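These notes are about the structure you will find just below.
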Amino acid sequence: MTNGAAASASPGADVPTTEIGHVRALTGVRIVAAVWVVVFHIRGNLYSEFPGTESWAGPLLSHGELGVDLFFTLSGFVLALNYSARMGRSMQRVSTARFYWARIARVWPVFFVTLLAAGLWHGLIMRVSTDPVPPRDFTVPSFLRQSFLVALWTEGDTDRLMWNGPAWSVSAEAFAYALFPIMALLFLRLGRSLRATSLFVLAFVALVPLLVFVVAYGTMYYPWAWMLRILCCFVAGALVYEGVRQLRLTTRSRAVASHAALGVILLILAWLYGVDAVGHPELAPLVTPLFVLLVGLLAIGDRHVVTLLGTRWFVIGGAASYSVYMVHMLLIEPVWWAQGRFAWMAPGTLGSKIAFVLLPFAALAVGYALWRWFEEPARLAIKRMSSSGRTPPPGQVERPRPSVGVPTTAPEERVG
Numbered sequence: 001m002t003n004g005a006a007a008s009a010s011p012g013a014d015v016p017t018t019e020i021g022h023v024r025a026l027t028g029v030r031i032v033a034a035v036w037v038v039v040f041h042i043r044g045n046l047y048s049e050f051p052g053t054e055s056w057a058g059p060l061l062s063h064g065e066l067g068v069d070l071f072f073t074l075s076g077f078v079l080a081l082n083y084s085a086r087m088g089r090s091m092q093r094v095s096t097a098r099f100y101w102a103r104i105a106r107v108w109p110v111f112f113v114t115l116l117a118a119g120l121w122h123g124l125i126m127r128v129s130t131d132p133v134p135p136r137d138f139t140v141p142s143f144l145r146q147s148f149l150v151a152l153w154t155e156g157d158t159d160r161l162m163w164n165g166p167a168w169s170v171s172a173e174a175f176a177y178a179l180f181p182i183m184a185l186l187f188l189r190l191g192r193s194l195r196a197t198s199l200f201v202l203a204f205v206a207l208v209p210l211l212v213f214v215v216a217y218g219t220m221y222y223p224w225a226w227m228l229r230i231l232c233c234f235v236a237g238a239l240v241y242e243g244v245r246q247l248r249l250t251t252r253s254r255a256v257a258s259h260a261a262l263g264v265i266l267l268i269l270a271w272l273y274g275v276d277a278v279g280h281p282e283l284a285p286l287v288t289p290l291f292v293l294l295v296g297l298l299a300i301g302d303r304h305v306v307t308l309l310g311t312r313w314f315v316i317g318g319a320a321s322y323s324v325y326m327v328h329m330l331l332i333e334p335v336w337w338a339q340g341r342f343a344w345m346a347p348g349t350l351g352s353k354i355a356f357v358l359l360p361f362a363a364l365a366v367g368y369a370l371w372r373w374f375e376e377p378a379r380l381a382i383k384r385m386s387s388s389g390r391t392p393p394p395g396q397v398e399r400p401r402p403s404v405g406v407p408t409t410a411p412e413e414r415v416g
């Protein structure tokens, strides 16, 4: 991530870096990750409805669950950007409380409203029909644990644990949030003590436990895998940020980063198709280090793919990506139920084909509406409840650290 035109500063120095102006791309890439997860959940339906699809799109669609690991990496990077300088000097009650309140404002409203919607859906279906994806624990204690974002913390298996399936990753994120005030102390000190190159190496070292267990188990669905996925990817993303903030950026280094970002995207695709071609699709998660590299490059690049991801529609999509992610199974499961209920929606019918083609677009539309008219207003309303009483107007964010050359227009992360 470094080159002759982007040298790293001495450890501990406040570096007068060139401002990184395209973190918008990190928002834009979120909608790509969200849609990847959406199509992953209907991949089997697409393969059966459109024979031949699997042969050319299968290696990409069948590994869409890795979009969650990209989300985790992005969250680590952006949380470090927004909070590590403010919270990393010492653990203070006020700053910690404000951090937790901001996280609640960001993720809880959509999480809870989709939990209620999922509960209503599963409850009604249990009364009148057969639930195609029944939760494994449809009880009051389960509802309460989910409501407080802690349902996953004592469970090694995510399968059908959450009433709204994708919500497991939000509970995992909440686990990282709980630890962040302590982690911030480490991130800031590492950023002050080590050079950028060392921080980048540490970021990849942080992924080693995740990769070792993937190879050992031959799957990413081993017991407690969620904990390694969130911690390894989150820490790696944060360390990449601490390294990136030390770089002295030039026009040339930004151009090199942009070209490298495009190359990394091609490498990601090559890996996914390659492991399928050699008969080892279980090794697809070993692509995770490339996600970490991609996040760092998107943060400092300034052209072609970086510019594309920073365009208005990608940024809007990225802003709405959390809501898109949280509603998509609430749209997919009724279609699965309808396939067994109505002849015109049975597998192989025109109705079924149309439904699965439209589902990703429906998730985008409903997710955007939820973000525009509920998620963002609710976030601002909850933040106004804080004792500080200071909430930035819509479209603006706090400017936590202009002195170190980080982007001052970077939005806070959105979970997926």
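Numbering follows full-length UniProt numbering, in which position 111 of the sequence shown is assigned residue number 111; successive positions increment by one, without gaps. Every residue, glycine too, gets a C-beta built ideally from N, C-alpha and C. Bear in mind that the values here come from a model prediction, so they are computed numbers and not experimental data.
query                                                                                                                                          : result
According to the neighbour-count rule (16 or more other Cβ atoms, all chains shown, within 10 Å of its Cβ), is A25 buried or exposed?          : buried
How big is the Cα-Cα spacing for L370 and L266?                                                                                                : 33 Å
Going by Cα to Cα distance, which pick from R43, G156, R98, F77 is closest to L61?                                                             : R43
Count Cβ pairs between the segment 116 to 134 and the segment 196 to 203 that sit closer than 8 Å; are there 3 or more?                        : no
Mind checking G67: buried by the 16 CB within 10 Å criterion, or exposed?                                                                      : buried
By Cβ distance below 7 Å, which residues in the same chain neighbour C232 in space, the five residues on each side in sequence not counted?    : A206, L207, P209, L210
Using the Cα positions of L342 and L115, report the straight-line distance between them to the nearest angstrom.                               : Strictly speaking, residue 342 in this sequence is Phe, with Leu absent from that position. F342 and L115: Cα-Cα distance of roughly 27 Å.
Taking only the alpha-carbon atoms, compute the straight-line gap between V214 and M385 and give it to the nearest angstrom.                   : 43 Å
Does the segment 334 to 351 come within contact of the segment 65 to 79, defined as at least 3 CB pairs closer than 8 Å?                       : no
Measure from the alpha carbon of R229 to the alpha carbon of each residue in L272, F291, S321, I182, then state which is nearest.              : F291
Within a Cβ cutoff of 6 Å, which residues of the same chain sit near S273, ignoring the five residues on either side of it in sequence?        : The identity of residue 273 in the sequence shown is Tyr, whereas the question assumes Ser. If we look at Y273 and ignore the five residues flanking it on each side, its Cβ neighbours are P59.
Between R145, G119, V264, L144, which has its C-alpha nearest P135's C-alpha?                                                                  : G119
Excluding five sequence neighbours on each side, which residues of the same chain lie with their C-beta closer than 6 Å to the C-beta of Y368? : A320
With L186 as the anchor, note down where its alpha helix (DSSP H) starts and where it stops.                                                   : 168 to 193
Looking at C-alpha atoms only, which residue of G340, V244, T219 is the closest neighbour of I125?                                             : G340
From this set, W271, A85, A257, G123, which residue's C-alpha is nearest R303's C-alpha?                                                       : A257
How big is the Cα-Cα spacing for L350 and E49?                                                                                                 : 9 Å
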